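A quick write-up on the structure given underneath.
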Amino acid sequence: MTGIDSAELSALIDRVVSDLLELKAALGGDTITPAVEDLIDTATAAERFGMSSDTVRWLCESKGFGEKRGGRWMVSLSALQAYKREKRE
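Yeah, the sequence shown ends on 98 if you go by this note's numbering, and it's all consecutive.
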């Protein structure tokens, strides 16, 4: 394996999956709905995206980036990736 650590590799895979979902939606006119595999817990999302857990929860609640399961927020990777992309532009 190359010099990429597992967190970087995981983030890269998440980004590619998100981009593919967006492409599929654009080609088919479908709206993007988070698949079960697209949802991760807020602590993991905060670590991967370099933001606080409170910010991730706020995005879930106020921007619709996630859903509650068993009283805990699960956040959409593709929504967070799109959010980070928009902030960079």
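Cβ atoms here follow ideal geometry from the backbone N, Cα and C, with glycine treated the same way.
Just so you know, these numbers come straight off a predicted model, no measurement behind them.
Residue environment for Leu18: exposed (fewer than 16 other C-beta atoms within 10 angstroms of its C-beta). When secondary structure is reduced to three states using DSSP, Asp14 falls in the coil class, being assigned neither helix nor strand.
Put simply, the backbone Cα of Gly12 is about 15 Å away from that of Ala20.
Boundaries of the alpha helix (DSSP H) around Ser71: Ser62 to Lys72.
A residue is called buried once 16 or more other Cβ atoms fall within 10 Å of its Cβ, and Leu32, having fewer, is exposed.
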